[in-house]
Amino acid sequence: MVSRAQALACGLNPRALEWRVGSGRWRRVHAGVFATFSGPPSFEAQVWAAILRAGRGAVASHRTAAYLDGLCDDPGSVIHITVPADRYVQCKIDGVRVHQAHRLPLTRHPSKNPPRTRLDETVLDLVDIAPHPRDAETWVTAACQRRLTTPERLADALGRRKKIRWRPMVEAMLSDVADGAQSPLELRHLRRVERAHGLPTGCRQRRVAGQRVIWIDVDYPEHRLRVELDGRIGHIGEGRFRDRRRDNRATVDGHATLRYGHADVFGDPCGVAKEQARVLTTRGWTGHPRSCGPSCPIRPHDHQ
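The sequence shown begins at 45 in the working numbering and counts up by one.
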């Protein structure tokens, strides 16, 4: 891919450039951008074309940068490009979405080609435009699962951002890497799910001895209900099978298990409370869940 300015700087005159396009040796991809080969362009070639069309300082970003770095397996139908905030691309570019960023000189990768944002910044850009907390959670988890970054690096990048959507949830996710009885996820469940909706108080981090010692995040022994709060990022492999064996063993013993992640507890605490209340009621709880505010879906007698 080559821009008109690049071709002229290399000594090609305008007439020779037009001859190459007219003869079919080159193809016009965008206004002022040409493919110097025949056949369909690769994805990277399409990205280069979009960058050249967007002009000075442009880099691949968001889902496009994520695909280039192996963060996702589908590049999507639109190429995402970010330009410095002091620039405005006036003409619409087919198949390209142009973003603007004040911090682009700090967030672009210093050497990768095609030019793109740094991996940690790409993750946070995707979190910022995520329509639902579960989508934001998925990007953070995927980056750590695929060993492309670490929670510590993401937390460092997050700390440098003044504004970002879903900040409390992402901060909690990154803090919950180290398991602990007072993790942000467990505190959020205690305050926004249990107390705010008048649910019975569970036993937290309960140790249960057997053939193997297990720890239960929130246990309601009277009602034989267990709540597991999965605060581990990139939880795969043996850990997943261990959770499944624990849940199956609890079911055999007559316990029900509900499992929630950050997107559930931070994104929909009222929905979590409503679900827990229904299960507790079927298991003998005679209390009444209460609404935590005007927008809460829990209404009187929802437990019945």
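Cβ coordinates follow ideal geometry from the N, Cα and C atoms, glycine included. This structure is a prediction, so every number in the text was calculated from the model and none was measured.
Taking its Cβ as the centre, do 16 or more other Cβ atoms sit within 10 Å of residue i, making it buried, or is it exposed?
i, result
"Ser86", "exposed"
"Lys318", "buried"
"Trp63", "exposed"
"His146", "exposed"
"Ala240", "buried"
"Ser67", "exposed"
"Arg248", "buried"
"Ala186", "buried"
"Glu282", "With a pLDDT of only 47 at Glu282, under the threshold of 50, the placement of this residue in the model should not be trusted; the figure read from the coordinates follows. That one is exposed."
"Asp169", "buried"
"Pro333", "buried"
"Arg191", "exposed"
"Leu273", "buried"
Figure out for me which residue from the options has the closest Cα to the Cα of residue i.
i, options, result
"Pro212", "Ala102, Val309, Val262 and Ser155", "Val309"
"Ala307", "Ala104, Val133 and Gly275", "Gly275"
"Arg107", "Leu115, Gly101 and Arg100", "Leu115"
"Arg219", "Arg72, Asn57, Gly203 and Pro338", "Here residue 219 is Ser; the residue named in the question, Arg, does not match the sequence. When each option's Cα is compared against that of Ser219, the closest is Gly203."
"Glu238", "Arg190, Pro313, Ser155 and Pro338", "Pro313"
"Gln189", "Ser47, Val167, Val127 and Pro58", "Val167"
"Asp138", "Arg191, Leu192, Arg72 and Asn57", "Arg72"
"Tyr264", "Pro341, Glu215, Met217 and Trp329", "Trp329"
"Asp130", "Lys136, Gln144, Asp117 and Val140", "Gln144"
Assuming residue i and residue j make a contact with CB atoms under 8 Å, what is their CB distance in whole Å?
i, j, result
"Gly331", "Pro244", "6 Å"
"Gly311", "His176", "7 Å"
"Arg209", "Val171", "7 Å"
"Thr126", "Ser105", "4 Å"
"Leu150", "Gly101", "12 Å between Cβ atoms; not a contact."
"Leu302", "Val271", "5 Å"
"Ala109", "Met45", "Not a contact, Cβ separation roughly 17 Å."
Going by the beta-carbon positions, is the gap between residue i and residue j smaller than 7 Å?
i, j, result
"Asp113", "Leu163", "yes"
"His3", "Arg327", "Residue 3 lies beyond the residue range present for the chain, which begins at 45 and ends at 348; the question has no answer from this structure."
"Val103", "Pro159", "yes"
"Val262", "Gly242", "no"
"Val323", "Ala300", "yes"
Please find out if some non-hydrogen atom of the ligand COA comes closer than 6 Å to the beta-carbon of residue i.
i, result
"Gly99", "Absence of the ligand COA is noted for the structure shown, with no ligands found whatsoever."
Quiz item: Would you call the stretch 113–132 and the stretch 196–203 in contact, with 3 or more CB pairs under 8 Å?
Solution: no
Quiz prompt | Three or more C-beta pairs below 8 Å linking the stretch 60–76 and the stretch 92–106 | solution = yes
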